[in-house]
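First the structure, in the form of structure tokens, and then the observations on it.
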């Protein structure tokens with residue numbers, strides 16, 4: 001399945017990009033699985049995740065076409 | 001003693017004027033005494049009084065040059 | 001602190017911007033809370049076309065200033081501005097503006113609410129409705145309290 | 001309800017007046033409470049010259065709109081406007097505007113405070129300080145809470 005992945009704030013700097021398309025040849029994929037596809041490091045403790053712009057957690061089951069965003073804790077405006 | 005008397009809102013309409021100078025040939029004068037000089041009616045229950053722009057009551061002892069204002073309960077802005 | 005009463009049409013946001021430029025040091029306040037009160041349509045009495053607001057020049061300003069000072073003593077507020085319209089006004093006219101600047105928004109909110117509650121409930125103003133036939137009707141209020149006793153309530157209202 | 005995020009300089013009172021003209025029926029609201037947040041001087045770090053505020057286009061607006069809707073459901077509010085600046089900004093720049101219209105001022109105050117508390121504490125924004133030497137420093141916040149758990153506190157804060 002194809003997933004669009006986005007990074008914000010310090011995580012964008014760390015990942016060296018603001019977004020990427022990830023294609024995974026699997027039927028089932030959680031957010032945690034996705035993270036293993038994009039990074040060799042463990043998922044940082046404080047990192048938040050949103051799927052299709054809604055907060056969720058790393059056990060969330062993804063479906064094709066989802067937009068997944070990883071970002072540090074928000075600071076407010 | 002000379003006293004400046006002012007009326008506001010419905011009381012101004014009722015008194016037919018917005019202010020008047022009252023000269024009273026007395027050494028001591030309360031607000032209640034002053035009212036008897038200016039009106040034959042008893043002082044209306046709800047009427048508020050201010051002397052020199054501070055709220056007070058009818059027992060207040062006046063002195064020459066005071067500005068006394070009578071008005072109905074305030075409605076706020 | 002600036003408090004004034006005016007018979008002229010009120011442009012509230014122009015007043016806020018002008019006061020902020022003149023009176024506030026740049027870069028020190030974190031925010032400003034403002035309340036702008038507007039004259040509503042008359043609900044009871046289709047016959048009423050306008051309102052005339054009476055006040056006691058000198059006393060009205062003095063008592064509003066005192067309440068602004070109370071607000072500045074009670075909360076961590078940098079400055080405040082109050083402008084109140086008087087005289088004849090019609091629905092949609094802005095009537096009153098309260099603006100409070102502070103470093104922290106909680107203080108601005110509390111102080112602004114305190115001041116507007118005083119203005120709306122206890123400040124020396126008298127409302128008079130004007131009918132289409134040209135008659136005056138003074139609004140009556142069953143309150144013997146000129147404003148002092150309500151202070152505590154205003155704080156939490 | 002109108003919520004938008006902009007990289008352009010923010011003229012908050014112009015936005016309030018324009019929205020009131022366009023969206024509010026004349027003579028129905030009794031008042032509008034607004035909060036305008038301004039970027040303060042930097043207290044810690046004389047070396048910081050500006051701030052860059054990052055956001056998640058689409059998600060940020062969606063979550064702000066949701067909180068505005070909560071405010072409109074919880075209080076008797078006629079309409080509300082939120083404008084938030086993002087990108088690079090310097091001290092004295094207006095950053096955020098919240099304006100809430102209602103028939104009764106208490107509802108406007110409560111709803112406006114609810115919305116700005118959300119924006120300041122939990123909305124999806126990320127602050128980055130920019131030093132005079134051109135370095136970036138992302139502000140860290142020790143919060144695992146994306147905003148949901150603080151709802152009740154915000155109501156009374």
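Protein chains in written order, with this note's numbering: chain C, 1 to 77; chain F, 1 to 77; chain H, 1 to 157; chain B, 1 to 157. Using N, Cα and C, we set each Cβ at its ideal position, and we do this for glycine too.
Spell out whether any CB of chain H is found under 7 Å from the CB atom of residue 91/B.
-> Chain H places a beta carbon closer than 7 Å to that of residue 91/B, counting this residue as a contact.
Thinking residue 122/B and residue 76/C are a contact (beta carbons under 8 Å), I'd like their distance in whole angstroms, please.
-> At roughly 6 Å, the Cβ-Cβ gap stays under 8 Å, so residue 122/B and residue 76/C are in contact.
Residue 25/F versus residue 1/F - alpha carbon distance = Using only the alpha carbons, I get a separation of about 6 Å.
Could you check if residue 54/C is buried or exposed, using at least 16 other CB atoms within 10 Å of its CB as the buried criterion?
-> Classification of residue 54/C: exposed, given that the 10 Å Cβ count is below 16.
Proximal residues to residue 56/C (C-beta, below 8 Å), its chain only, five neighbours per side dropped | Spatial neighbours of residue 56/C in its own chain (CB-CB distance under 8 Å, excluding positions within 5 residues in sequence) are listed in chain order as 31, 49 and 50.
List the endpoints of the continuous beta strand (DSSP E) containing residue 4/C.
-> Its beta strand (DSSP E) spans residues 2 to 7.
Close Cβ partners of residue 40/B (< 7 Å) along its chain, the five nearest in sequence each way excluded = So the list reads 91, once near-sequence residues are dropped.
Closer than 6 Å by C-beta to residue 145/B: which residues in its own chain qualify, once you throw out the five before and the five after it? Chain order, please.
-> Here residue 145/B scores only 43 on pLDDT, less than 50, and its place in the model should not be relied on; the value that follows carries that caveat. Taking residue 145/B as the centre and dropping the five residues before and after it, the same chain places no C-beta closer than 6 Å to its C-beta.
Closest residue to residue 33/B among 10/B, 115/B, 5/B and 23/B (Cα-Cα distance) = Considering only alpha carbons, the answer is 115/B.
Sub-7 Å separation of residue 1/H and residue 80/H beta-carbons | Taking 7 Å as the Cβ cut-off, residue 1/H and residue 80/H qualify as a contacting pair.
Per DSSP, residue 135/H forms a beta bridge with which residues?
-> Bridge partners of residue 135/H: none, in fact.
Quick one: list the residues of chain C neighbouring residue 58/B, beta-carbon separation under 7 Å, in chain order.
-> Ordered by position in chain C, the residues that pass the 7 Å Cβ test against residue 58/B are 53.
Figure out for me which residue from 33/F, 40/F, 45/F and 68/F has the closest Cα to the Cα of residue 21/F.
-> Checking every option, the nearest Cα to that of residue 21/F belongs to 68/F.
Residue 17/H in three-state terms, based on DSSP | Helix at residue 17/H.
Output the boundary residues of the beta strand (DSSP E) element that contains residue 61/H.
-> No beta strand (DSSP E) contains residue 61/H, which is instead part of the alpha helix (DSSP H) from 59 to 74.
Could you say which of 19/F, 70/F and 15/F lies nearest to residue 58/F if we only look at CA atoms?
-> That would be 70/F, whose Cα lies nearest to the Cα of residue 58/F.
Option nearest residue 78/H by Cα separation, candidates 86/H, 106/H, 134/H and 117/H | Of the residues 86/H, 106/H, 134/H and 117/H, the one whose Cα lies closest to the Cα of residue 78/H is 106/H.
For residue 100/H, which residues of its own chain have a beta-carbon under 6 Å away from its beta-carbon, when the five flanking residues on both sides are left out?
-> For residue 100/H, where only same-chain residues beyond five positions count, the Cβ hits under 6 Å are 33, 77, 80, 108, 111 and 112.
Members of the region 18 to 38 of chain H that neighbour chain B once the beta carbon cut-off is set at 8 Å | Answer in chain order: 26, 27, 28, 29, 30, 31, 32, 33, 34, 35, 36, 37 and 38.
Counting contacts by CB-CB distance shorter than 7 Å, is residue 54/H in contact with chain D?
-> Of the protein chains in this structure, namely C, F, H and B, none is chain D.
Is there a Cβ from chain B that is less than 7 Å from the Cβ of residue 73/C?
-> Cβ-Cβ to chain B under 7 Å: yes for residue 73/C.
Taking 7 Å as the CB-CB limit, is residue 59/F close to chain H?
-> Between residue 59/F and chain H, the shortest Cβ-Cβ separation is not below 7 Å.
Please decide whether residue 13/H counts as near chain B, where near means a Cβ-Cβ distance under 7 Å.
-> Contact with chain B is found for residue 13/H, since one of that chain's Cβ atoms lies less than 7 Å from the residue's Cβ.
When the Cα of residue 31/H is compared with those of 117/B, 133/B, 126/B and 137/B, which residue comes out closest?
-> In this structure, 117/B is the residue among 117/B, 133/B, 126/B and 137/B with its C-alpha nearest to the C-alpha of residue 31/H.
Does DSSP classify residue 117/B as helix, strand or coil?
-> Of the three classes helix, strand and coil, the one that applies to residue 117/B here is helix, per DSSP.
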